[in-house]
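If you're matching positions, the sequence shown starts at 1 in the UniProt record's numbering and goes up one per residue. Virtual Cβ for every residue (Gly too), placed ideally from N, Cα, C. Working notes, structure below.
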Amino acid sequence: MTPTRPVAQPTPDTREFFALIDEGRLALPTCAACDHTFLYPRSVCPRCAAGEIVLKPATGRGTVASFVVNHRAAPGFGPGPYALALVRLEEGPLIMAGVPGDPDRVALDAPVRAVYEERGDRRVLLFEIVEETG
Ligand SMILES: [Zn+2]
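Structure (structure tokens):
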């Protein structure tokens, strides 16, 4: 039996964020009062403490700020090796996600874009390396 690969378990503060990911859309929590965009999703702005947060569509583009290659897969995540990256989104926030494909292609500052892997009736946000052209 193949173990089910894990998906995020939303909380009240992250439900809408993950519902959009399930639709293949990335949107970032943004403060309606001061326009600060942040992660992780929460109900109060970490900059000004205002309580009106909206989800703004994001480009899904970013660069690799840091990464690790796991050679021994965590339960449910195998087989290894695979890369996990901390991605600096164009909008500013950092987000951690898997990078599908050959982990040897992952490098600092490499451009990436959001892709969505189907897992049952859910989707998981991953970032794939964007091939440099020209
Ligand atoms: Zn704010």
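Buried/exposed call for residue i, threshold 16 Cβ in 10 Å
i	result
Glu91	buried
Arg105	exposed
Gly120	exposed
Cys48	exposed
Pro41	buried
Ala32	exposed
Gly62	buried
Sub-9 Å separation of residue i and residue j beta-carbons
i	j	result
Ile21	Val124	yes
Thr37	Leu28	yes
Gly98	Phe77	yes
Pro12	Phe18	no
Arg122	Val44	no
Gly60	Arg113	yes
Reference residue i; option with closest CA among the options
i	options	result
Val130	Val87, Pro41, Val44 and Asp121	Val87
Leu39	Ile95, Arg113 and Arg119	Ile95
Pro111	Ala73, Val68, Phe127 and Val7	Phe127
Glu118	Pro103, Ala33 and Glu23	Glu23
Leu55	Phe67, Gly101, Thr30 and Arg61	Thr30
Ala58	Pro46, Pro93, Gly101 and Pro100	Pro93
8 Å contact criterion, which residue i and residue j should meet: CB distance rounded
i	j	result
Val69	Ala107	Contact doesn't hold; Cβ gap of about 11 Å is too wide.
Pro103	Ala74	Rounded, the Cβ-Cβ distance is 15 Å, inconsistent with contact.
**Report entry** In chain order, each beta strand (DSSP E) run of at least 3 residues that lies wholly inside the UniProt domain "ChsH2 rubredoxin-like zinc ribbon" (21-52)
**Finding:** 27-31
Query raised in the report: At which residue ranges does the region 39-115 contain complete beta strand (DSSP E) runs of 3 or more residues, listed in the order of the chain?
Result: 53-57, 61-70, 82-89 and 94-99
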